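Numbering (the working numbering), first residue to last: 225 to 818.
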């Protein structure tokens, strides 16, 4: 190659500086701007490439050879990437991160070699381009945060799950055989039955209602009435009772009779695990040969088990529904919900938590409800195949009638829990993840999402007339736009995460009252007796915030967990359980002063 004039590099330096400022600086300064920042990063790559081809002053052969090398390296590198990077962010992770890296490599190497002769300059730029592509083969990702930031680790490093399995000291029981046939009819009672001997006092009364029967509590609204706690955590902080490693999964806890049950991944098995509430001791584990993984949220079950009438019902991420004895973990029956409904495995896995109503266990399989007899597992009814959903079936009372509501990508639908008969539907297309909330009368508050996160909240009024049911919109608000983080309702106001920032809206008109406090994409409980939000932040902190509409006020904050935390907290009495994909812990909340 012939010696060339000095390269003109200042346009590339300016373009890359703006590219990195917008791509990585904008999300830190402007909430919910990640989609726009990603777009700016890709656009910046195009600008740098145009500069190189037409304004860099490099010889034509050098310009086009480097351009071909960039395209070839970009297209071939995915062949050697770790699967988590190759499939991350819906298959766009490498593109999203590599294009800014390639832009920087091209601009920096061109600037450093701008006075060199063509041959060594070409070699330097080519080496930088290959490095900018190939370095992504050295890493894997353990998922993304709620704001879409990847959690990179060295490809050869052990994951938390691998560390857990290698350090496992408690040998899990052998997998129990799955029974897919209904249970036999019980034998006829003798003419003069002999009353059973009384249970020892230490044995829990399984007929008593569980304190926290499953996902978001007894009414799936994250409310904890009757609990009053000390709010000066500097003087009286929550007391840690136990802490232990957890298998991957985004399940919360079902708590009852001194046991805390959750779902987690253990190697090639989905495990329903039951721990002692006060000591964290493993009481029993039921394993199903199933494993779900996707790059963004990682491995493991998503749904939370449900306790009802001495049984524990758990839906795994691949669609296996197990009914287990709550005391021993022995299996009563099992169904393949995906096969029964014909539902395809959704991108993020089956995520619904079962609900028990009208003698049936009702689950949602990617937008289609399925009801099974709670005792035998025999199918009761199947709902229509609506568009996808990650939301759970929700039992509510509207117009004096019990209903099962399900938020799907088409809107909110309601069904009779006994027969599955459709009652009403309200169209509101979006990404269905969250639970509806019951308001005064027969009104409901719902939220849906979009490609960039939460889309807003809407208040509905449910009516029953002679001609049937109807659902009408009262207002729609963008003052609260939760995505996959459920909201709570207190004294005429709703509190939730607007993106990653806490927000409060008035339920009369949907207008925002305040916005403040960055806790990532966390979850929360409501303590209505004290107008308190108990927040479990995405980074694993416990935070107390006032649930009043006049202003945002943080009251207390303490660390609780390490690592990304998306799981809902659960509570029984004053015992708070928290977990994420790598550890779980129990805290005794300090009582309020009398």
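Quick reminder that beta carbons are idealized off the backbone N, C-alpha and C, glycines included.
Please read all numbers here as calculations on a predicted model, not as lab measurements.
Whole-angstrom distance between residue j and residue i, CA atom to CA atom
| i | j | result |
| --- | --- | --- |
| residue 710 | residue 377 | 30 Å |
| residue 331 | residue 725 | 36 Å |
| residue 234 | residue 338 | 11 Å |
| residue 506 | residue 734 | 45 Å |
| residue 701 | residue 737 | 12 Å |
| residue 247 | residue 320 | 10 Å |
| residue 646 | residue 593 | 11 Å |
| residue 362 | residue 706 | 35 Å |
| residue 410 | residue 516 | Legend: pLDDT at residue 410 = 37, less than 50; position of this residue unreliable, value from coordinates given subsequently. When rounded, the distance between both Cα atoms is 36 Å. |
| residue 260 | residue 704 | 20 Å |
| residue 315 | residue 573 | 16 Å |
| residue 360 | residue 373 | 15 Å |
| residue 344 | residue 375 | 36 Å |
| residue 766 | residue 297 | 45 Å |
| residue 272 | residue 457 | 52 Å |
| residue 812 | residue 484 | 14 Å |
| residue 518 | residue 383 | 15 Å |
| residue 540 | residue 778 | 36 Å |
| residue 681 | residue 653 | 12 Å |
| residue 775 | residue 754 | 16 Å |
| residue 288 | residue 381 | 38 Å |
| residue 342 | residue 352 | 15 Å |
| residue 240 | residue 596 | 58 Å |
| residue 796 | residue 436 | 6 Å |
| residue 390 | residue 472 | 14 Å |
| residue 544 | residue 581 | 19 Å |
| residue 414 | residue 528 | With a pLDDT of 39 at residue 414, under the threshold of 50, the predicted position of this residue should be treated as unreliable, and no value is reported. |
| residue 643 | residue 459 | 54 Å |
| residue 293 | residue 524 | 40 Å |
| residue 283 | residue 355 | 23 Å |
| residue 783 | residue 742 | 15 Å |
| residue 657 | residue 281 | 52 Å |
| residue 601 | residue 805 | 30 Å |
Unbroken beta strand (DSSP E) run spanning residue i, endpoints
| i | result |
| --- | --- |
| residue 714 | 712-714 |
| residue 453 | Careful: residue 453 lies outside any beta strand (DSSP E) and carries neither H nor E. |
| residue 477 | Element bounds for residue 477: n/a, residue is neither H nor E. |
| residue 823 | Nothing about residue 823 can be reported from this structure: the residues present for the chain run from 225 to 818 only. |
| residue 564 | Taken as a continuous stretch (DSSP letters only), residue 564 belongs to no beta strand (DSSP E), being part of the alpha helix (DSSP H) at 561-565. |
| residue 780 | 778-783 |
| residue 719 | 717-722 |
| residue 692 | 692-701 |
| residue 542 | Neither: residue 542 is in no beta strand (DSSP E) and is coded neither H nor E. |
| residue 576 | Per DSSP, residue 576 belongs to no beta strand (DSSP E) and is neither H nor E. |
| residue 597 | 592-597 |
| residue 790 | Residue 790 -> no beta strand (DSSP E), and no H or E assigned at all. |
| residue 800 | 799-803 |
Bounding residues of the alpha helix (DSSP H) (the contiguous stretch that carries residue i)
| i | result |
| --- | --- |
| residue 342 | 342-358 |
| residue 333 | 317-336 |
| residue 275 | 258-278 |
| residue 854 | The structure shown has nothing for residue 854, since the chain only spans 225 to 818. |
| residue 681 | Looking at the DSSP string, residue 681 is not in any alpha helix (DSSP H); the run it does join, the beta strand (DSSP E), is 677-689. |
Three-state secondary structure assigned by DSSP to residue i
| i | result |
| --- | --- |
| residue 385 | helix |
| residue 415 | Note that residue 415 has pLDDT 40, beneath the 50 cutoff, so the model's placement of it is unreliable and the number below is only indicative. In the structure shown, residue 415 sits in coil (DSSP, three-state: anything other than H, G, I, E or B). |
| residue 551 | coil |
| residue 662 | strand |
| residue 458 | coil |
| residue 224 | This structure cannot settle anything about residue 224, because the visible part of the chain is limited to 225 through 818. |
| residue 363 | strand |
| residue 230 | coil |
| residue 307 | helix |
| residue 246 | helix |
| residue 374 | strand |
| residue 809 | strand |
| residue 235 | helix |
| residue 390 | helix |
| residue 432 | coil |
| residue 816 | coil |
| residue 584 | strand |
| residue 470 | coil |
Beta-carbon separation (whole angstroms), residue i vs residue j, contact threshold 8 Å
| i | j | result |
| --- | --- | --- |
| residue 487 | residue 521 | Not really, about 14 Å apart at Cβ, beyond 8 Å. |
| residue 633 | residue 612 | 5 Å |
| residue 824 | residue 576 | Residue 824 lies beyond the range of the chain shown here (225 to 818); nothing can be said about it. |
| residue 327 | residue 268 | 6 Å |
Contact with chain B by residue i, beta-carbon distance below 8 Å
| i | result |
| --- | --- |
| residue 593 | Any reference to chain B falls outside this structure, which holds one protein chain only. |
Within the stretch 726-774, note down every full beta strand (DSSP E) run reaching 3 residues or more, in order along the chain. 736-742, 747-751, 756-760, 765-770
At which residue ranges does the stretch 604-679 contain complete beta strand (DSSP E) runs of 3 or more residues, listed in the order of the chain? Within the stretch 604-679, the beta strand (DSSP E) runs of at least 3 residues that lie entirely inside it are, in chain order, 618-622, 625-632, 635-639, 646-651, 667-674.
Would you mind listing the beta strand (DSSP E) stretches within the stretch 500-536 that are 3+ residues and don't spill past its ends, in chain order? 506-512, 530-532
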